[in-house]
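Novice:
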Amino acid sequence: MTAVSEALILDDVVPDRAPWSGVVPAGHVLSIVDLGGNQAVDCLLYAAHDTAERYSAPDTIVAQGNVFLTTGSVLRSCEGRPLMTIVADDCGRHDTIGGACSKESNTLRYGHHTKHQHACVENFLAEGARWGLGKRDLVSNINWFMNVPVEADGTLGIVDGISAPGLTVSVRAEIDTLVLISNCPQVNNPCNGFDPTPVRITLTAP
């Protein structure tokens, strides 16, 4: 169930394949709703006061001793500080290691006929430019709702999602946090069920 807060101050629908960004003030809760089900949502976090401090997958994974994210997971910066905390999660597991698709990775994995397809890296670059961010500022990202199982032998793959229509993940900002989102455009693997769909973004004040 989505965390309940006192005041809804933003309610947006992010179209399929599109980016979104915004600053989430400390104490506020950002919720992402998987409207159609089986939709991956790539995400990057930055300290709003100094974007040189940004989400760190290694620090987050080591601190919690788990490569998957769910309720209670603390999303840590490259300085080891909490940026955001997952306060509610209907899905149960989110990916930290699958990375973001790009034109380059698409052509390598799926063939040069995919080169024209824009991808999450392109969404991050376009949206990040609004905040003075460039390619050097992109780091390993969070993939909300994306199913990347890790087998006992260490192999992993991108497989059918475990989300469903209406499932929600909610994160509380521990400091003022810039959030970049790419509503993943990928159509060459099952991360979006081969059919990208919109997601809903809400922001609530404490």
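Basically our numbering = 1-based index in the sequence shown + 87. Built from N, CA and C at the ideal position, the CB exists for glycine as well. Since we're looking at a predicted model, the values are computed, not measured.
1. If you measure between the beta carbons of Thr183 and Thr242, is that distance less than 8 Å?
2. Entirely within the segment 190-241 and at least 3 residues each: give me those beta strand (DSSP E) ranges in chain order.
3. Give me the residue from Ser143, Val116, Asp121 with the minimum Cα distance to Asp263.
4. Measure the alpha-carbon distance for Ser118 versus Glu140 and round it to whole angstroms.
5. Please state whether DSSP places Ile96 in a helix, a strand or coil.
6. Count the other CB atoms, across all protein chains shown, that sit within 10 Å of the CB of Gly248; report buried if there are 16 or more and exposed otherwise.
7. By the DSSP assignment, the alpha helix (DSSP H) with Ala150 in it spans what residues?
8. When you compare each of Asp240, Val100, Val149 to Leu122 by their alpha carbons, which one comes out closest?
9. Do you know offhand how far Trp107's Cα is from Pro285's?
10. Inspect the beta-carbon positions of Asn270 and Arg163 and report whether they are closer than 8 Å.
Specialist: In short, the structure shows the following:
1. Not a contact, by the Cβ cut-off of 8 Å.
2. Restricted to the segment 190-241, the beta strand (DSSP E) segments that are unbroken, complete and at least 3 residues in length are 229-231, listed in chain order.
3. Cα-wise, what sits closest to Asp263 is Val116.
4. So the alpha carbons of these two residues sit roughly 22 Å apart.
5. Ile96 falls in the strand class under three-state DSSP.
6. Burial call: buried.
7. Looking at the DSSP string, the run of the alpha helix (DSSP H) that includes Ala150 is 144-151.
8. Considering only alpha carbons, the answer is Val100.
9. Taking C-alpha positions only, Trp107 is separated from Pro285 by approximately 12 Å.
10. Contact flag unset, no.
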